[in-house]
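Below is one structure; the comments refer to it alone.
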Amino acid sequence: MTSGKPSVAPDVRTSVVWFRRDLRLSDNPAWAAATASSDRVVALFVLDPRPLNDAGNRRRDVLISHLAALDASLRERGGALLVRSGDPTKIVPEVASETAASEVHVNADVTLYARQRDALVKERLGSVRLASHWGGFFHAPGSIRSASSGSVHKVFTPFWKVWADTELAEWPTAGNAEVWRPTEGESLPSTDGSAEFVAGESGAHDRLSEWLEHVDGYPDRRDSPADELGTSHLSADLRFGTISARHVAEVVGTATPGRGAFVRQLAWRDWYAHLLFERPSLARHAMKPEMDQVQWRVAPDELSAWKLGQTGYPIVDAGMRQLAATGWMHNRVRMITASFLVKDLLVDWRLGEAHFRRELVDFEITQNVGNWQWVAGTGPDASPYFRIFNPVTQSRKFDPDGEYIRRWVPELAALPNKALHAPWEVGPLELAGAGITLGETYPEPMVDHGVARQRTLAAYAAAKAQ
DNA sequence: TTTTGAGTTGTTCGA
DNA sequence: GTCGAACAACTCAAA
17 MTSGKPSVAP
27 DVRTSVVWFR
37 RDLRLSDNPA
47 WAAATASSDR
57 VVALFVLDPR
67 PLNDAGNRRR
77 DVLISHLAAL
87 DASLRERGGA
97 LLVRSGDPTK
107 IVPEVASETA
117 ASEVHVNADV
127 TLYARQRDAL
137 VKERLGSVRL
147 ASHWGGFFHA
157 PGSIRSASSG
167 SVHKVFTPFW
177 KVWADTELAE
187 WPTAGNAEVW
197 RPTEGESLPS
207 TDGSAEFVAG
217 ESGAHDRLSE
227 WLEHVDGYPD
237 RRDSPADELG
247 TSHLSADLRF
257 GTISARHVAE
267 VVGTATPGRG
277 AFVRQLAWRD
287 WYAHLLFERP
297 SLARHAMKPE
307 MDQVQWRVAP
317 DELSAWKLGQ
327 TGYPIVDAGM
337 RQLAATGWMH
347 NRVRMITASF
357 LVKDLLVDWR
367 LGEAHFRREL
377 VDFEITQNVG
387 NWQWVAGTGP
397 DASPYFRIFN
407 PVTQSRKFDP
417 DGEYIRRWVP
427 ELAALPNKAL
437 HAPWEVGPLE
447 LAGAGITLGE
457 TYPEPMVDHG
467 VARQRTLAAY
477 AAAKAQ
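Given below as structure tokens:
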């Protein structure tokens, strides 16, 4: 042993658990395996500037809050979280060496960046074993395959049938290793303290309990953006791994139609992870090459108006403002706003994906890319390209009382429901009665939907003809 | 190998 | 107001 390392009794077996997006101790295969196979474990988190730079401040703050909660849980067990900043491919082997660890345990991630990073860490660890587990999904990426092709299903429904019929892989059971922090490490960066939620896995479990009281209403309420209890609000917890998808699915079960419908959505989450794991190119490219040939419009001002919630279509603006204000947007409205960017403005879906990537607290690349490609009609089992959402029809159907629009576009609040979804359709007198002047207090619609629709159909048809 | 059935979330048009 | 067809044919999965 070289000098400078802490002297460690040779019969003490040490493991490092390198946390990434699995910020929990229960139901965590990497943590369980390490605590079962070792005498003591070091809990490490590396603040890696590269993915952090992709994140907006809000997601960064949520991450830090969850890390603080993880640290608190570890302190209850007599240890603490070791935090280091920098390049994990250097830091992880350093920590393994400093602690004389014989194993490093991780839960794997599907992204290309994560896979290349982990491969390099494995190489640099030398004789220290990198033990990789899957903890973030119900079924591990790559484990569900089509019987006929041997690869991932290209259509969701057959994937889902196999997914539901496949027995769960067994996860390791946790042991009693001591939680050890060898050095003080760095302290966590500060947040602006505005996060008004209970962080960590206890918060996540509370949110699941709350959801269990409403999940039976899911099929009827999931599409109402004004309804705070219509969806689970668990997306960010799944993304940070403060709760496991497997635990959620097992607790919810399939005993009622609402429960079955909700668990089916977790299968969608697994499917997009399977797809991106098998085909990393989906992060940037359409499933079929010709769909990459759509001549997208270059329209920075229109993209900017969309981001700001100033398109003149109230439901679109409500959604974009909810995103800007909270880092979250209701699923139905994600579809409407995304469809508006791609199919009304004919702007490249990747630009919308990049905006959501920065803004969403629950951003996860597999889900973001999968869903944007679904809306754009470019991905596997996507919406057909000629299916173009009408933002006014969607608004009247899913926000009939205008509650969601009034919440996020308050300058329109005085309009009666009949006029709220398409204010340009009513006369200036009625607008004036509500204190509105189009083009001044609220924008004129950026595009005529009928015209935009024809433009998009033509652009996609031209791409397909190539 | 061939056949058959099926496919998240829609919109528009005309009878 | 309600209904069915067209959108556009295609690919995938499994028997």
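Be aware that the first sequence starts at 17, since it is given in the numbering used here, and climbs by one per residue.
The C-beta atom is built at its ideal place from N, Cα and C for all residues, glycine as well.
Only a predicted model underlies this, so the values are computations on that prediction, with no experimental measurement involved.
Q: Could you tell me which residues DSSP pairs with Arg145 in its beta bridges?
A: Start at 1 with the first residue of the first sequence, and residue 145 comes out as number 129. Within the DSSP secondary-structure output, Arg145 pairs in a beta bridge with Glu119.
Q) Just how far apart, CA to CA, sit Trp5 and Ala283? A) Residue 5 cannot be examined here, being either before or after the span of the chain that is shown, 17 to 482.
(Q) Quick test of your reading: Leu291 and Pro396, contact by CB under 8 Å. State the CB separation rounded to the nearest angstrom. (A) Looking up residue 291 in the first sequence gives position 275. Looking up residue 396 in the first sequence gives position 380. Indeed, because the Cβ distance is near 6 Å, the residues count as touching under 8 Å.
(Q) Pop quiz: Ile160 and Thr127 are said to be a contact at Cβ under 8 Å. What is the actual Cβ separation, rounded to whole angstroms? (A) Taking the first residue of the first sequence as position 1, residue 160 is located at position 144. Taking the first residue of the first sequence as position 1, residue 127 is located at position 111. Their Cβ separation, rounded to whole angstroms, is 19 Å, which puts Ile160 and Thr127 out of contact at 8 Å.
Q: Whole angstroms is fine: what's the gap from Leu83's alpha carbon to Met336's?
A: Here residue 83 refers to the residue found at position 67 when the first sequence is read from its first residue. Here residue 336 refers to the residue found at position 320 when the first sequence is read from its first residue. The C-alpha of Leu83 lies about 28 Å from the C-alpha of Met336.
Q: Report the residue from Ala370, Val377 and Arg423 whose alpha carbon sits nearest the alpha carbon of Val385.
A: Mapped onto the first sequence, residue 385 falls at position 369. Cα-wise, what sits closest to Val385 is Ala370.
Q | Bridge partner(s) assigned by DSSP for Leu60 | A | Counting from one through the first sequence, the residue named residue 60 turns up at place 44. Trp34 and Leu98.
Q) Going straight from the alpha carbon of Leu436 to that of Leu428, what length do you get? A) Looking up residue 436 in the first sequence gives position 420. Looking up residue 428 in the first sequence gives position 412. Cα to Cα, Leu436 sits roughly 7 Å from Leu428.
Q: State the start and end residues of the unbroken alpha helix (DSSP H) segment that holds Leu41.
A: Here residue 41 corresponds to residue number 25 of the first sequence, with the count starting at 1. Per DSSP, Leu41 belongs to no alpha helix (DSSP H) and is neither H nor E.
Q) Where DSSP assigns a beta bridge to Leu454, which residues make up the other side? A) Start at 1 with the first residue of the first sequence, and residue 454 comes out as number 438. BP columns for Leu454 point to Tyr458.
Q. Gln389: buried (16+ other C-beta within 10 angstroms of its C-beta) or exposed?
A. In the first sequence, the residue the question calls residue 389 occupies position 373. That one is buried.
Q. What separation, rounded to the nearest whole angstrom, lies between the Cα atoms of Gly368 and Val195?
A. On the first sequence, position 352 is the one that residue 368 refers to. On the first sequence, position 179 is the one that residue 195 refers to. Each residue's alpha carbon lies about 43 Å from the other.
(Q) Which residue wins for smallest C-alpha separation from Glu119, given the options Arg131, His169, Gln132 and Gly142? (A) Position 103 of the first sequence, counting from 1, holds the residue named residue 119. Among Arg131, His169, Gln132 and Gly142, the Cα nearest to that of Glu119 is on Gly142.
Q. If you run the structure through DSSP and keep just helix, strand and coil, what is Glu229?
A. On the first sequence, position 213 is the one that residue 229 refers to. Note: Glu229 maps to coil in three-state DSSP.
Q) Buried or exposed: Asp239, going by 16 or more other Cβ atoms within 10 Å of its Cβ? A) What you label residue 239 is simply residue 223 of the first sequence in a count that begins at 1. Asp239 should be labelled buried.
(Q) So, does the region 246-256 touch the region 66-85, judging by three or more C-beta pairs under 8 Å? (A) Look at the beta carbons and you see the region 246-256 touching the region 66-85: at least three pairs across the two are nearer than 8 Å.
Q. Buried or exposed: which applies to Asp125, given that a residue is buried once 16 or more other Cβ atoms fall within 10 Å of its Cβ?
A. As a position in the first sequence, residue 125 is number 109, starting the count at 1. Burial is judged here by how many other beta carbons sit within 10 angstroms of a residue's own beta carbon; Asp125 has at least 16 and is buried.
Q.
Give me, in chain order, the residues of the same chain whose beta-carbon lies closer than 8 Å to that of Gly20; leave out the 5 immediate sequence neighbours on both sides.
A. To locate residue 20, count along the first sequence from 1; it is residue 4. The pLDDT assigned to Gly20 is 44, lower than 50, so where the model puts this residue is not dependable; a value taken from the coordinates is nonetheless given after this. Excluding five sequence positions before and after Gly20, none of the CB atoms of its chain fall closer than 8 Å to its own CB.
Q. Can you check whether the CB of Phe175 is closer than 8 Å to the CB of Trp287?
A. Sequence index remark: in the first sequence, residue 287 carries index 271 (1-based). Sequence index remark: in the first sequence, residue 175 carries index 159 (1-based). With respect to Phe175, Trp287 sits close: the two C-beta atoms are nearer than 8 Å.
Q.
Beta-carbon within less than 7 Å of Ala483's beta-carbon, same chain only, minus the 5 sequence neighbours each way: which residues are those?
A. The first residue shown for the chain is 17 and the last is 482, placing residue 483 beyond what the model contains.
Q. Three-state secondary structure (DSSP) at Val314?
A. One-based indexing of the first sequence puts residue 314 at position 298. Looking at Val314 - three-state DSSP - the assignment turns out to be coil, as it is neither helix nor strand.
Q) Is the beta carbon of Gly158 less than 8 Å from the beta carbon of Glu294? A) Position 142 of the first sequence, counting from 1, holds the residue named residue 158. Position 278 of the first sequence, counting from 1, holds the residue named residue 294. Contact: yes.
Q.
Cutting at 8 Å between CB atoms, please list the residues of its own chain near Glu441, excluding the five before and the five after it.
A. Translated into the one-based positions of the first sequence, residue 441 becomes position 425. Setting aside the 5 residues that flank it on each side, Glu441 is surrounded in the same chain by Ala435, each with a C-beta closer than 8 Å to its C-beta; the list follows chain order.
Q: Throw me the rounded Cβ distance for the Pro459 and Gly274 pair, which I believe falls under 8 Å.
A: Here the question's residue 459 lines up with position 443 in the first sequence. Here the question's residue 274 lines up with position 258 in the first sequence. For Pro459 against Gly274, the beta-carbon gap comes to about 38 Å, at or over 8 Å, which does not count as contact.
(Q) Three Cβ pairs or more, each shorter than 8 Å: is that satisfied between the region 353-365 and the region 441-456? (A) With a cut-off of 8 Å, the region 441-456 and the region 353-365 do not count as touching, because too few Cβ pairs lie within range.
Q | Other residues of its chain near His301: CB distance less than 6 Å, five sequence neighbours each side excluded | A | Indexing the first sequence from 1 puts residue 301 at position 285. Taken in chain order, the residues that qualify are Asp308.
Q: Determine which residues share a DSSP beta bridge with Glu194 and list them.
A: Within the first sequence, the letter at position 178 stands for residue 194. For Glu194, which the question treats as bridged, DSSP gives the partners Arg56.
Q: Flag this pair as touching only if the region 406-413 and the region 352-363 have three or more C-beta atom pairs under 8 Å; answer yes or no.
A: The region 406-413 vs the region 352-363: in contact.
Q. Going along the chain, which residues of its own chain have a beta-carbon closer than 8 Å to the beta-carbon of Gly233, five neighbours each way excluded?
A. Position 217 of the first sequence, counting from 1, holds the residue named residue 233. If we look at Gly233 and ignore the five residues flanking it on each side, its Cβ neighbours are Leu245, Gly246 and Gly274.
Q. His121 and Ala46: beta carbons closer than 8 Å?
A. The residue given as residue 121 occupies position 105 in the first sequence. The residue given as residue 46 occupies position 30 in the first sequence. Yes.
Q: On a CA-only basis, which of Arg373, Thr394 and Asp43 is nearest Ala190? Give me that one, please.
A: Within the first sequence, residue 190 is the residue found at index 174, counting from 1. Closest by alpha carbon: Asp43.
Q) If you draw a straight line from the C-alpha of Gly166 to the C-alpha of Glu212, how long is it? A) The residue you call residue 166 lines up with position 150 of the first sequence. The residue you call residue 212 lines up with position 196 of the first sequence. Roughly 46 Å between the two C-alpha positions.
Q) Smallest Cα separation from Pro305: which of Asp236, Thr394 and Asp222? A) Taking the first residue of the first sequence as 1, we reach residue 305 at position 289. Answer by Cα proximity: Thr394.
(Q) Could you tell me the alpha carbon to alpha carbon distance between Trp227 and Asp378, rounded to whole angstroms? (A) Reading the first sequence from its first residue, position 211 is the one you call residue 227. Reading the first sequence from its first residue, position 362 is the one you call residue 378. In this structure, the CA atom of Trp227 is about 17 Å from the CA atom of Asp378.
Q) By Cβ distance below 6 Å, which residues in the same chain neighbour Arg56 in space, the five residues on each side in sequence not counted? A) Taking the first residue of the first sequence as 1, we reach residue 56 at position 40. Only Thr30, Ala193, Glu194 and Trp196 meet the Cβ criterion.
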